[in-house]
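Participant: Under my numbering, the sequence shown has 72 at position 66, and the numbering climbs by one with no breaks. Have a look at this one before I ask anything.
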Amino acid sequence: MQSLTEKRRQLEAEIAVVRAQIAKARELGQDIDALTLQLAILRSDLVICRGCFMPPSWNRTHNIYC
């Protein structure tokens, strides 16, 4: 299992890639709705629970305020 630091670095790298894809799609006049949704999901994983210190996506039934 990845450490939280490794997972955070991976998420930040994935966010940077999606942001670049959004910028490129805007330049080309393409629809960015799916990319924007993907970015929102990735960014939500940067939120860590104060109770168990896990991002929500690591446990889909996880309550963020456990």
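Where a beta carbon is used, it is the ideal one built from N, C-alpha and C, also for glycine.
Is DSSP giving L34 helix, strand or coil here?
Facilitator: As a first step, residue 34 must be located in the sequence shown, where it is residue number 28. L34 falls in the helix class under three-state DSSP.
Participant: Please list, in chain order, all residues of the same chain as L34 whose beta carbon is under 6 Å from its beta carbon, the five residues on each side excluded.
Facilitator: Mapped onto the sequence shown, residue 34 falls at position 28. So the list is empty, once near-sequence residues are dropped.
Participant: Less than 7 Å between the CB of Q16 and some heavy atom of the ligand SAM, yes or no?
Facilitator: You won't find the ligand SAM in this model; it holds no ligand whatsoever.
Participant: Consult DSSP for I54 and reduce its assignment to one of helix, strand or coil.
Facilitator: Counting from 1 along the sequence shown, the entry for residue 54 is found at position 48. Three-state result, I54: coil.
Participant: What's the C-alpha gap between P61 and R25?
Facilitator: Position 55 of the sequence shown, counted from the first residue, corresponds to residue 61. Position 19 of the sequence shown, counted from the first residue, corresponds to residue 25. Going by the C-alpha atoms only, they are around 21 Å apart.
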